[in-house]
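Have a look at the structure below before the remarks.
2 protein chains.
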Amino acid sequence: MGASPGEFEIIRDFFASAPQGEGVVLGIGDDCALLQAPSQGQLATSMDTLVAGRHFPADADPAAIAARALRVNLSDLAAMNARPLWFTLALTLPESDANWLRKFSSGLLQTAAQFGVSLVGGDTTAGPLSITIQVIGQTARPLRRDGAGCGDSIYASGPLGAAAAALPVILGDQRVPAEVQHQAERAFYFPEPQFATAAAISDFASSALDISDGLIADLAHICESSHVSADIYLERLPVSSLAQSLAGANALSLSAGGGDDYQLCFTVPPDKVESVEKLGLGVTAIGTLSAGDAKVRCWHNGEPWQAPTAGYQHF
Amino acid sequence: MGASPGEFEIIRDFFASAPQGEGVVLGIGDDCALLQAPSQGQLATSMDTLVAGRHFPADADPAAIAARALRVNLSDLAAMNARPLWFTLALTLPESDANWLRKFSSGLLQTAAQFGVSLVGGDTTAGPLSITIQVIGQTARPLRRDGAGCGDSIYASGPLGAAAAALPVILGDQRVPAEVQHQAERAFYFPEPQFATAAAISDFASSALDISDGLIADLAHICESSHVSADIYLERLPVSSLAQSLAGANALSLSAGGGDDYQLCFTVPPDKVESVEKLGLGVTAIGTLSAGDAKVRCWHNGEPWQAPTAGYQHF
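Residue numbers (the UniProt record's numbering), protein chains in the order written: chain A, 1 to 315; chain B, 1 to 315.
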């Protein structure tokens, strides 16, 4: 519905050629896509919106915007230990700009191919630039956030703080050498969905989520869902080297409170910790869960540590 | 990801109480919803965006906006002869207005309950008001738009032109009595997904779609997908009585070219026409398909008729 000028041309020229993978009976172009669900397991689905000026600068490289939009959605599937199958795209554009669309669709379909997920439908409308993507995957062993228990160890899957530290560079407020600029753009626009780690820990972890709003804020969701409290020890945090070089003394704060890294935060019961450590995943134990009122307490070298911000605002 | 101020409160207070129906293993609140796909048939999925100032006035009743947003998506399922299962909502709001959200979520969940579809996830972000909904349904006998053939009869499932004729009333450009105002609002905000008609014709129809952009524009999609041409005879169109009373002499044009009615346009092979007519569905034969170059030709009392507009712009 809601044809904007050129809607059908946009779909035909830039998106209808999307390769169609597993389970796609009928792709883009009808009232609905028709999909054959896998016979095993459950479907996992998630939806995220990125708004220009809030989640990315409006003048950013369209291919990078597309990559980020799809990757943050895929990260939700990864955090659930679901493998990607299909996605749909709602693209709202101020104007039909063929050059912008060519770069955007190229970035989108390249990312889709990399992760083996098929674009099966969507909608284009005229309006302020925003991108909503819905992903659907399949999981046989879902990682939920409500299964954590007292005494479980808390883990981070990899370096934290890079995307938050990159933000001033992305926004043009911090000038850095070209190589660092490139690293900052990779950290912000190309987060890595943690599919391999999620699959590896799925037999052992009691809960997991992806760190999109910041470690402290997201760990609080595990605590709320699982009715536990958390103590984390900031000296153990895997602070990203990019965050250290870009943010200096502020890197620790960004690792604890900054968002957009899309690493996993997960918990492991005491009797499974050894099994997880043996996997050699490069994950880091950063704290412990206890009974209580769903609070996250932060410590730094034995002293209570107060987060400068509870969550994270992009712009 | 992308927490806006109050995002979690919005979800908890206004949407997390959504009743969870068939196949919902885990609803709102985790990285993904977990869904058990039906063992039979295929999944059908569609996604539509409504942008304030383009698809509805920004100051419209939030419950009506919500109803329309969900109904136009459900209409895509109906047009595919799919029964609704689940939907997700991406809501972009300029500000967190509890009063607005209460009315919106009430309208949304009421509509969901009416059609037996479960809200299983979504995203709320700060930005210019827009609503993207993705629906997922199940179908055993999908109605596609690429199965029509030469000689098939073209049908409209019910009255056309009401929503287009209602638009000046909705926009406040045409003053009418309260009762007519109410009819106009029903026509525009509460289109009826044609589930019953789709199910009834699914054994006989060769193609179908919902008329969202206007009969002529949407019939052209059947012609393109099925590689046929169409002749429609405008004197046969089921012009809505509301369109006649609101638009007078312009009602026929609105019925042929105006959008947003969400009636079905479908085609029936010659040997199935009698079966369809016997169903007593109140559908109307409006033309015939022939070989050719995917054109829609309009006739009025034997004379060629030129559409004033090919498609339809809301605002």
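Glycine is no exception: its CB is placed at the ideal position from the N, C-alpha and C atoms. Model, not experiment: these values are computed from the prediction.
B:Met80 - partner residues in DSSP beta bridges
In the DSSP assignment, B:Met80 is bridged to no other residue.
Could you give the first and the last residue of the continuous alpha helix (DSSP H) run that contains A:Gly107?
Ala98 to Phe115
Quick check on the burial criterion: 16 or more other C-beta atoms within 10 angstroms. Buried or exposed for A:Arg68?
That one is buried.
So, does the CB of B:Asp203 fall closer than 8 Å to a CB anywhere in chain E?
Of the protein chains in this structure, namely A and B, none is chain E.
What would DSSP say about A:Tyr189, mapped onto helix, strand or coil?
helix
Tell me whether the segment 109-121 of chain A and the segment 26-35 of chain A touch, counting them as touching only if at least three CB pairs, one residue from each stretch, are closer than 8 Å.
yes
Any beta carbon of chain B sitting closer than 8 Å to that of A:Gly127?
It does: the Cβ of A:Gly127 has a partner Cβ on chain B nearer than 8 Å.
Is there a C-beta anywhere in chain A that falls below 8 Å from the one on B:Pro209?
In the sequence under discussion, the amino acid at residue 209 of chain B is Leu, which differs from the Pro named in the question. Yes, contact with chain A.
Coil, strand or helix - A:Asp213 by DSSP
coil
Let me see if you follow: with CB-CB separation under 8 Å, is B:Arg54 close to chain A or not?
It does: the Cβ of B:Arg54 has a partner Cβ on chain A nearer than 8 Å.
With A:Ile216 and A:Gln263 assumed to form a contact (beta carbons below 8 Å), what rounded beta-carbon distance in angstroms separates them?
Going by Cβ atoms, the distance from A:Ile216 to A:Gln263 rounds to 14 Å, so no, they are not a contact pair.
So does A:Leu129 have its beta carbon nearer than 7 Å to some heavy atom of the ligand PLP?
Ligands displayed in this structure: none; no statement on the ligand PLP is therefore possible.
Counting contacts by CB-CB distance shorter than 8 Å, is B:Arg102 in contact with chain A?
no
Can you look up B:Pro304 in the DSSP assignment and give me helix, strand or coil?
strand
Interface positions of the segment 67-82 of chain B facing chain A (Cβ-Cβ less than 7 Å), listed along the chain
Val72, Asp76, Leu77, Ala79, Met80 and Ala82
Sequence-distant residues of its chain with Cβ nearer than 7 Å to B:Leu279 (five each side left out)
Ala200
What residues in its chain sit with their C-beta under 7 Å from that of B:Phe56, if we drop five residues either side in the sequence?
Leu50, Ile65 and Arg68
Proximal chain A residues relative to B:Asp123, where beta-carbon distance stays under 7 Å:
Met47, Asp48 and Thr49
Minimum Cβ-Cβ distance from A:Lys295 to chain B less than 8 Å
no
Contact with chain A by B:Asp173, beta-carbon distance below 8 Å
no
Check distances from the C-beta atoms of the segment 234-267 of chain A to those of chain B and list, in chain order, the residues that come in under 9 Å.
Those would be Gly259, Asp260 and Tyr262, in chain order.
Quick one: grab the DSSP three-state call for B:Ala67.
helix
Check whether the segment 229-246 of chain A and the segment 173-185 of chain A are in contact - that is, three or more C-beta pairs closer than 8 Å.
Judged by Cβ distances under 8 Å, the segment 229-246 of chain A makes contact with the segment 173-185 of chain A, as three or more pairs qualify.
CA-CA distance, B:Leu43 and A:Pro304?
For B:Leu43 and A:Pro304, the distance between alpha carbons rounds to 51 Å.
DSSP bridge partner residues for A:Ala52 (one or two, in chain order)
A:Phe56
In this structure, how does DSSP classify A:Ser157 when only helix, strand and coil are distinguished?
coil
Distance cutoff 8 Å, beta carbons only. Does A:Gln42 sit that close to anything in chain B?
yes
Check A:Ala33 in the structure and name its three-state DSSP category.
A:Ala33 carries a strand assignment under DSSP once its states are collapsed to helix, strand and coil.
Closer than 7 Å at the beta carbon, the chain A residues around B:Ser130:
Near B:Ser130 (Cβ distances below 7 Å), the residues of chain A are Thr92, Gly127 and Ser130.
So if DSSP puts A:Phe266 in a beta bridge, which residue, or which two residues, is it bridged to?
DSSP output for A:Phe266 lists A:Tyr155 and A:Ala208 as bridge partner(s).
Opening and closing residue of the beta strand (DSSP E) in which A:Gln138 lies:
Ser130 to Thr139 is the extent of the beta strand (DSSP E) around A:Gln138.
For B:Arg145: DSSP bridge partner residues:
Answer is none; B:Arg145 lacks a bridge partner.
Quick check on B:Leu234: does DSSP put it in helix, strand or coil?
helix
Inter-stretch contact at 8 Å, needing at least 3 Cβ pairs: the segment 123-139 of chain B / the segment 84-98 of chain B
yes
Beta-bridge partners of A:Leu119, as assigned by DSSP:
A:Phe87
Span separating the alpha-carbon of B:Asn99 from that of B:Ser106
B:Asn99 and B:Ser106: Cα-Cα distance of roughly 11 Å.
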